[in-house]
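Participant:
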Amino acid sequence: MLKNVRVLGHFEKPLFLELCKHMVFLQFQQGEYVFRPGQPDSSIYVVQDGKLELCLTGMDGKESVVKEVYPGDSVHSLLSILDVITGHQKPYRTVSARAAEVSTVLRLPVEAFLSIFEKYPESLVRVVQIIMVRLQRVTVLALHNYLGLTNELFSHEMQPSRLPPQSPHPTRTSPIRHGKRFGSLTVPEEHREAAIKGEATGWQKMINSIKVYKYLDCPFPTSRYLNIVCAGIQKGLRSDFDMAYERGRISVSAEDGNTPPNFTRVNEVPSGIYLYPEEEPGVDNIFTPVSSRSSAALFEEAQKEVLKLMRIEDPSLLNGRVTLHHAKAGAVLARQGDQDVSLHFVLSGCLHVYQRMINKQEAVCLFVTHPGEMVGQLAVLTGEPLIFTIKAVRDCTYLKISKSDFYEIMREQPSVVLSAAHTVAIRMSPFVRQMDFAIDWMAVEAGRALYRQDDQSDCTYIVLNGRLRSVIRKANGKKELVGEYGRGDLIGVVEALTRQPRATTVHAVRDTELVKLPEGTLNNIKRRYPQVVTRLIHLLGQKILGNLQQGRGPFSGSALSLPSMTTSADVTNPASNLSTVAVLPVCDEVPINAFNLELSHALSAIGPTLLLTSDIIRERLGASALDSIHEYRLSGWLAQQEDINRIVLYQTDNSMTPWTQRCIRQADCILIVGLGDQEPTLGELEQMLENTAVRALKQLVLLHREDGPGPSRTVEWLNMRSWCSGHLHLKCPRRVFSRRSPSKLREVYEKVFEKTADRHSDFSRLARVLTGNSIALVLGGGGARGCSHVGVIKAMEEAGIPIDIVGGTSIGSFIGALYAEERSAVRTKQRAREWSKAMNSVFKTVLDLTYPITSMFSGSAFNTSIYKVFQDKQAEDLWLPYFNVTTDITASAMRVHQDGSLWRYVRASMTLSGYLPPLCDPKDGNLLMDGGYINNLPADIARNMGARTVIAIDVGSQDETDLCNYGDCLSGWWLLWKRINPWAEKVKVPDMAEIQSRLAYVSCVRQLEVVKKSAYCEYIRPPIDRFKTMDFGKFDEIYDVGFQHGKLVFTGWARGDIIENMLKDHRSADYNDSKRTDSCTCPGADFTDLAEIVSRIEPVQTYVAADGERSVLFVVVKMFLLMMSDRTVPLLLLSPPPDAQMPFKIMLDLIRVINEES
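Structure, rendered in structure tokens:
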């Protein structure tokens, strides 16, 4: 039960048992308080049975429940734990807990940690780092990225942390214990005037006389990828310190020695001078600009202050690790999102700390770091990217300690982390401390349900790491996949806001860590900071817009039906949120080492990639790292690697070892790798995998030699592996199959990693699939005009645009299948030209005529022409993933085909009504017609198959307004005479083929408009309107039109940033850039409910609406109406339900008022 407290869950068994000795069982009656404001905040409480209510006392003295604590849950604040272990214990201020019913509670005093740290000093580093990571990733992530709060999270007055004047008494070591506080920096009047005029003062001249060198930014080195991939680079990483280094992304350096203090000038465009008030008289401030003081004395005095602030016992620890810097006004010392961060200790001037506002370009000032204060500790301790920008608004002198130097100091004296962490804790606002009690950090084991359909909605979740799957149970008992969620995703927000039962069941695909934001906490925040409501409106607006773009209702309960398990139901492709991939070989003959190195090389072009094997784990974490006793340490370390890297590859052993089980348990996706030219028998690991209830996505990957035969018998592979949701064929370079020793293999791939991965290789295609960056080519229907598809594909190849998925309708399905088989525009052109030539044969056409009951032609000749092109090829045996679309006239539905007899489904997709008979589906006997009648340009299908970008080429019929008005009837003989008589006036009347083509275009014109406007689609239409549907004899001319138009379009793309954006991984380090809300919504809600949903705050006991509430609602509604300015819903239809609450009625009145004004 105690392990549910995340900070305790990272302890090994000996440490954990030591803590358990201090536990106390307490019994509470209903209504009895567990603790109240004023009592010492020094314990962790875990509910064994019963229920507790966590309450906040407001300014009016009334209590509001922000969280209900059930058995297994805990009440504690990690910041309070930090206060106790740093010796700054505080009482509860506004937080209290009471028993909602008779309850048994376990109490663990935080003082128990102190005895642990005495026995195991290294564990101190880990505990502090866990607390800091939780503060940044849990509390700040939830409150900033999702609720839009910024400077509300930080304390603006830092008086308790300001340094005291230098004391003559050496016994005083802790600046916090002194009663006297530092005032602001004194700027003499003459220096103020000089500063304003831009002149150098004596103080500045003294500083400027010191040697200056250029300040350099140090970006995160990309060369580390190969060091990580090729095992054996780092050795001996076993302790908590080394794990802290891993978390901090520090490489161990052997460099040592005493170097003189460097002085740096930071030059950037000044943004103005900021003058600070006079300090208190009589304070002898070492930072006062006295020109007689030498730089060496300044540096020495400043080092003493750092020693006191960080409580460093040995002054020599700072030797060579501290540098003196001067920043000009306007200089930016560190930017939000930077990985390479340092500690900055201000000597004179000040440093302003800014944070970008969510979905805005402007930044807000969080706080100001004054002389004697430090900034940058949080990012240094956690190893996370910097969450703010540090800027010198005026000239500033400061000391700098790099992250690696701080970690070296920490190794020598672990207690420095306490001092650094305490300076972070006192910077947090009282509001953050309250939220630290209310917001939970929880874990869900693989296979367990987070919540079930129809459960009560009482909270919202944010995924920190892991993977979750959402499934809806239909009325007929069948289950349907709704979506998958990964790191940073928001789950259950709509149901929690609407207070509707859960619409789906969500369970963990693998071990998952989440932030839990209780409903009461969210209500409290909304009441306190009304701007949060606008942020929630924005999140819900994104959800609504995404659903509308997908062709669903604004608040649909489930997503589109999925053609396969690999596709996504949600607005964003779930593969873009894959973090971990396990690679499992079918047999020992699979060159798994070379495969993983090749894949790592391709992935490193997209983002940081880490390859882990059991040997690498033992080498980096110790020989016993995989023992069960170190379970939590290993889990924590692996979670860190997910944070640091875009993708982590787990290479399994060749048998079901503990490491193999760990790989499977950690995986978002499992790649089952086999050899395409071998028998499709099940491997030993696969059989064991089948017997375990692994919920992760499984993909079959078949490897083929570069000079070997093409794919075949894929169906047999898939039939024996029903658990595989998809497959990919990879043509491998010769080096993959060459037999080399591990050392030789490493040498080969060291050279490979020096080069950029080929974006057209199959491994790069697999890398794009795994990271959700696939590019799909979708070819529309249009008869002979589709010959231009081949020309556009040729232009794409020349422009260097890779193609990962191919699909199409009608002629597009034919050309797409050819390209998916050949992967060469030249060979595709040759085969398409031969087929077009055969299509132009009048003799074969006449022989195929039949009595026209169902169609004019029997279809035999057309079937033969298609069969000659594809033979008995199955769709599964194509190099590229392929699909086509047909119209099922038996079931009146669209059919998407990704497997089966290739020639049959291509023929079905090209079946024009009246010309050819419907094709009977060999699977179910349904009658299939041309897909153009239902979806002539199926870009949405490609999107659902996992493509992030869809290049859609439209060759359908366009509107024609110059057709002949021939009256009420039409004689074919008259038309024939007009055409064969050279002196007769020509009339423009569409023939049967053109009418069929126009019908197909008309029936899906609305869907085409949606595709053209969608953000994921790049729409191309070559100028082929002058060609007719049956002009197959003009193949070369039509091809050339497509090629020239493609060259023109792609040249424009190359000049801009379209191609670059296609190939760029859009998963931002800042969570809010790529987040989406979940698909689980309340089925009964509509646009008119939205403002009321997000604005509703449940009353607190006798809470009465304040006078300002109407104005707040006015702002909220007005913002909402601006979002919905297209007036999708007539405002006249708004009418409150009879039992509506007063805020909703006020809101409807305001809506009408605003509507009249506008």
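Numbering-wise (the numbering used here), the sequence shown opens with residue -16 and increments by one.
Quick reminder that beta carbons are idealized off the backbone N, C-alpha and C, glycines included.
So if DSSP puts residue 674 in a beta bridge, which residue, or which two residues, is it bridged to?
Facilitator: DSSP lists no partner for residue 674.
Participant: Chain C beta carbons: is any one of them nearer than 8 Å to that of residue 679?
Facilitator: In the displayed structure, chain C is absent; only one protein chain is listed.
Participant: Name the one or two DSSP bridge partners that residue 338 has.
Facilitator: Beta-bridge pairing links residue 338 to 347.
Participant: Where do the ends of the alpha helix (DSSP H) carrying residue 1142 lie?
Facilitator: Nothing about residue 1142 can be read from this structure; the chain reaches only from -16 to 1141.
Participant: Whose C-alpha, out of 895, 794, 663, is nearest the C-alpha of residue 982?
Facilitator: Ranking the options by Cα distance to residue 982, first place goes to 895.
Participant: Can you give me the Cβ contacts of residue 38 inside the same chain, cut-off strictly under 6 Å, excluding the 5 residues immediately before and after it?
Facilitator: Closer than 6 Å at the Cβ level, and outside the excluded window around residue 38, lie 46, 48, 79.
Participant: Distance, Cα to Cα, residue 2 vs residue 98?
Facilitator: About 9 Å.
Participant: Cβ atoms of residue 430 and residue 496: under 8 Å apart, would you say?
Facilitator: Not closer than 8 Å, so no.
Participant: Taking residue 464 as the reference, give the member of 1025, 91, 974, 451 with the closest Cα.
Facilitator: Ranking the options by Cα distance to residue 464, first place goes to 451.
Participant: Take the Cβ of residue 371 as the centre, count every other Cβ of all protein chains shown within 10 Å, and call the residue buried at 16 or more, exposed below.
Facilitator: The residue in question, residue 371, is buried, as its Cβ has 16 or more Cβ neighbours within 10 Å.
Participant: By how many angstroms is the C-alpha of residue 419 removed from the C-alpha of residue 752?
Facilitator: Approximately 38 Å between the Cα atoms of the pair.
Participant: For residue 501 and residue 396, what's the separation of their Cα atoms in angstroms?
Facilitator: The straight-line gap from Cα to Cα measures roughly 39 Å.
Participant: Buried or exposed: where does residue 814 fall if 16 or more other Cβ atoms within 10 Å of its Cβ makes it buried?
Facilitator: Classification for residue 814: buried.
Participant: Taking 8 Å as the threshold (C-beta atoms), are residue 765 and residue 939 in contact?
Facilitator: It is a contact, given that the beta carbons lie within the stated cut-off.
Participant: Grouping DSSP H, G and I as helix and E and B as strand, with all else coil, what is residue 455?
Facilitator: Here residue 455 sits in strand by DSSP.
Participant: If you count every other CB in all the chains shown that lies within 10 Å of the CB of residue 384, and 16 or more means buried, which is it?
Facilitator: Result: buried.
Participant: Kindly identify the DSSP beta-bridge partner or partners of residue 714.
Facilitator: The partner list for residue 714 (beta bridge, DSSP) reads 687.
Participant: Can you grab the Cα-Cα spacing for the pair residue 870 / residue 776, in whole Å?
Facilitator: Each residue's alpha carbon lies about 26 Å from the other.
Participant: Check the DSSP bridge columns for residue 23 and list the partner residues they point to.
Facilitator: According to DSSP, which records beta bridges pairwise, residue 23 is partnered with 74.
Participant: Cβ atoms of residue 361 and residue 407: under 8 Å apart, would you say?
Facilitator: Cβ distance < 8 Å, so residue 407 and residue 361 count as in contact.
Participant: Tell me which residue opens and which closes the beta strand (DSSP E) that residue 573 is part of.
Facilitator: From DSSP, residue 573 is part of no beta strand (DSSP E); its letter is neither H nor E.
Participant: Do you know offhand how far residue 67's Cα is from residue 670's?
Facilitator: C-alpha separation (whole angstroms): 52 Å.
Participant: For residue 856 versus residue 804, is the C-beta spacing smaller than 8 Å?
Facilitator: In this structure, residue 804 lies closer than 8 Å to residue 856 by Cβ.
Participant: Taking all protein chains shown into account, do 16 or more other C-beta atoms lie within 10 angstroms of the C-beta of residue 488, making it buried, or fewer, making it exposed?
Facilitator: Classification for residue 488: buried.
Participant: Using the three-state DSSP reduction, which class does residue 462 fall into: helix, strand or coil?
Facilitator: Three-state result, residue 462: strand.
Participant: Tell me the DSSP secondary structure of residue 427 in three-state form.
Facilitator: Strand.
Participant: Leaving out the 5 sequence neighbours to the left and right, which residues in its chain are closer than 6 Å to residue 121 when beta-carbon positions are compared?
Facilitator: So the qualifying residues of the chain are 424, 498.
Participant: Determine which residues share a DSSP beta bridge with residue 371 and list them.
Facilitator: DSSP lists no partner for residue 371.
Participant: Can you round the beta-carbon distance between residue 712 and residue 687 to whole angstroms, since I take them to be within the 8 Å contact cut?
Facilitator: Rounded, the Cβ-Cβ distance is 6 Å, consistent with contact.
Participant: Suppose contacts are defined by Cβ-Cβ distances below 8 Å. Is residue 1018 in contact with residue 816 by that definition?
Facilitator: Yes, the Cβ-Cβ distance between residue 1018 and residue 816 is below 8 Å.
Participant: Just to confirm my understanding: we take residue 917, look at its own chain, exclude 5 residues before and 5 after, and list those with CB closer than 6 Å. What are they?
Facilitator: Around residue 917: 870, 877.
Participant: Pull up the distance between the alpha-carbon of residue 582 and that of residue 750, whole angstroms please.
Facilitator: Their Cα atoms are separated by approximately 7 Å.
Participant: Relative to the C-alpha of residue 1211, which residue among 107, 929, 357 is closest?
Facilitator: Nothing can be reported for residue 1211, as the shown portion of the chain is limited to -16 through 1141.
Participant: Between the region 839 to 848 and the region 892 to 906, do at least 3 Cβ pairs fall closer than 8 Å?
Facilitator: Yes, the region 839 to 848 is in contact with the region 892 to 906.
Participant: Kindly confirm or deny that the region 755 to 772 and the region 720 to 737 touch, where touching means at least three C-beta pairs closer than 8 Å.
Facilitator: Short answer: they don't touch.
Participant: In angstroms, rounded to a whole number, what distance separates the CA positions of residue 579 and residue 866?
Facilitator: Cα to Cα, residue 579 sits roughly 29 Å from residue 866.
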